[in-house]
Each structure stands twice: as C-alpha cells, then as structure tokens.
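J.: Numbering-wise, our numbering puts 402 at position 89 of the sequence shown, and it's gapless, one number per residue.
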Amino acid sequence: MPDNRVFLITGASSGIGAASARAAAAAGFRVALAARSQDALEELVGEIGENQAIALACDVTDYVSQQQMVAKTLDRFGSIDAVFANAGTGGKPGGFSAAPIDSWQRIVEVNILGVAYTLRASLKALKRAKGHVLITGSVAGRRTIAGSMYSASKWAVTAMGYGLREELRGTGVRVTLIEPGMVDTPFFDEPKPEALRADDIARAVIYALQQPAGVDVHELMVLPTPPIEL
C-alpha cells in the first residue's frame with residue numbers, strides 16, 4: 314500500500330537528496346524537492362511524476378525562501394510528515410591557517426544556519442503531523458579532521474540534532490541524524506570510486522522513515538567497507 318506521506322527534502326537536486334527523493338517516491342511518499350537549481354529539480358519531478366512530486370526553488374541561507382518552501386509544500390500537499398535537512402556545502406583547503414575566509418562564511422550559512430532555518434520553518438507543521446526530522450550530519454561531525462571548518466560545521470549539526478531531540482521530547486516528532494562517510498557525489502570535483510554511493514545513504518534514510526511509531530532511530534552512521542587486503 315502506498316505510504317502517501319509528504320517528505321520535504323532540501324538539497325534535492327543531486328547526490329544524497331536526489332537519491333533519497335527517488336527512494337522515497339518508490340516507497341510511496343509524495344515528495345517536495347527544494348534546491349537552488351530549478352532546472353535540475355524539474356527534471357527530477359519529471360522522472361518521479363508530477364502527481365507525486367513538486368519542485369521548489371529555494372536558497373537555504375535565506376529564511377524567507379525557506380518559509381516560502383514550506384508554505385508551497387503545504388499548499389500543494391496539505392501536510393508535511395517528514396523533513397530532510399540535507400543541503401550542505403564543502404570547504405576550501407588551507408585549514409584555519411590559510412583557507413579563504415569567505416569559504417568559512419559560506420559553510421556556516423549553508424551547513425549550520427541553513428539547517429536551523431529549515432527546522433524553524435517546518436517544525437510547526439511537523440509537530441502537527443507528529444512527524445520526522447532527518448538531518449545530514451557526517452562522520453566528520455564525529456571525528457577530528459585537522460583544520461577543517463567543514464568538520465566543525467558538522468559537529469555543530471550533530472549538536473543541533475541532539476538539542477532538537479530534547480526540545481521535541483514528548484511531541485511525537487522523531488529526529489534522526491544521518492552521518493555518512495565519504496560519498497561519491499557532485500560534492501567532490503573528482504570521482505571517488507572507493508566511496509559510498511548516494512543510493513547507499515538513501516536506503517538509510519528510508520529505513521529510518523519506515524520504522525513504526527514506537528521506534529526512534531537516533532543516528533545512522535554509514536561508512537564504506539574497507540577494501541579487502543590481498
């Protein structure tokens with residue numbers, strides 16, 4: 314039987330977001346797809362089907378844009394049952410000694426404030442639905458990486474997930490941190506054949522979403538299997 318719940322995904326135009334959208338649609342969810350690239354979103358909507366998906370141009374660093382994203386989802390589907398705060402960006406080399414300052418600002422705006430804005434914009438609807446928040450963290454938010462502002466931002470995301478879970482205790486809203494290792498997506502300039510695939514993370518997302526109401530999956534850290542030593 315189709316699930317028919319509504320799943321809003323930021324960063325949905327490629328990588329983990331797009332893979333999760335396809336997997337969720339296959340599982341019966343209606344999906345609201347948000348990203349900056351309207352053309353890529355429209356292509357994905359065409360693939361999934363306009364009766365089941367909507368494309369929403371959104372800049373996650375702009376709170377008003379995120380409010381509009383939520384309002385348009387509610388106008389189209391009537392509810393929001395799950396939100397995946399997935400949009401993120403990487404950093405530049407050089408560490409705290411030499412990385413360009415503007416790259417740090419972008420990381421903070423997208424990876425930290427962007428997630429916080431998604432939460433603020435969507436939590437009223439999620440509480441009403443007793444829904445589910447998923448947040449893309451990272452193994453980089455669990456392990457020390459020398460000189461990495463990206464890692465620092467993902468440590469902040471981990472803390473946000475923990476803090477949100479306590480804030481929502483007793484509301485019926487579940488919170489899941491999705492913490493991938495390296496994933497071969499457009500996030501990287503060069504292919505990463507030894508890395509996970511976006512579909513690997515999408516399966517973790519669907520696993521968390523499809524648990525019964527009495528099961529709250531707090532964290533899913535997904536890493537590639539180490540290569541076999543010959």
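Glycine residues also receive a C-beta, built at the ideal position from the N, C-alpha and C atoms.
Since we're looking at a predicted model, the values are computed, not measured.
By Cβ distance below 7 Å, which residues in the same chain neighbour G401 in space, the five residues on each side in sequence not counted?
T.: Taken in chain order, the residues that qualify are G324, V423, N424 and T449.
J.: With H, G and I counted as helix, E and B as strand and the rest as coil, what does DSSP make of I514?
T.: In the structure shown, I514 sits in a helix (DSSP, three-state: H, G or I).
J.: Hey, quick one: how far does the beta strand (DSSP E) through M534 stretch, first residue to last?
T.: Counting along the chain, the beta strand (DSSP E) containing M534 begins and ends at E532 to V535.
J.: Would you please state the rounded distance, in angstroms, between the beta carbons of A353 and G330? I believe it to be under 8 Å.
T.: Wrong, their Cβ atoms sit about 10 Å apart, outside the cutoff.
J.: Identify whether F342 lies in helix, strand or coil by the three-state DSSP scheme.
T.: Reduced to three states, the DSSP call for F342 is coil.
J.: So A337 packs on I514, CB below 8 Å; how close in whole Å?
T.: Rounded, the Cβ-Cβ distance is 12 Å, inconsistent with contact.
J.: Would you mind sorting P413 into buried or exposed? The rule is 16 or more other CB atoms within 10 Å of its CB.
T.: P413 is exposed by the Cβ-count criterion.
J.: Report the CB separation of A339 from I367 in whole angstroms; it is logged as a contact under 8 Å.
T.: Actually they are not in contact, since the Cβ atoms of A339 and I367 sit about 17 Å apart, beyond 8 Å.
J.: Does E492 come out as helix, strand or coil in the three-state DSSP assignment?
T.: In the structure shown, E492 sits in a strand (DSSP, three-state: E or B).
J.: Skipping 5 residues on each side, what residues in its chain have a beta carbon closer than 6 Å to that of G454?
T.: For G454, where only same-chain residues beyond five positions count, the Cβ hits under 6 Å are K467, W468, V470 and T471.
J.: Tell me the DSSP secondary structure of V486 in three-state form.
T.: DSSP places V486 in coil when its eight states are reduced to three.
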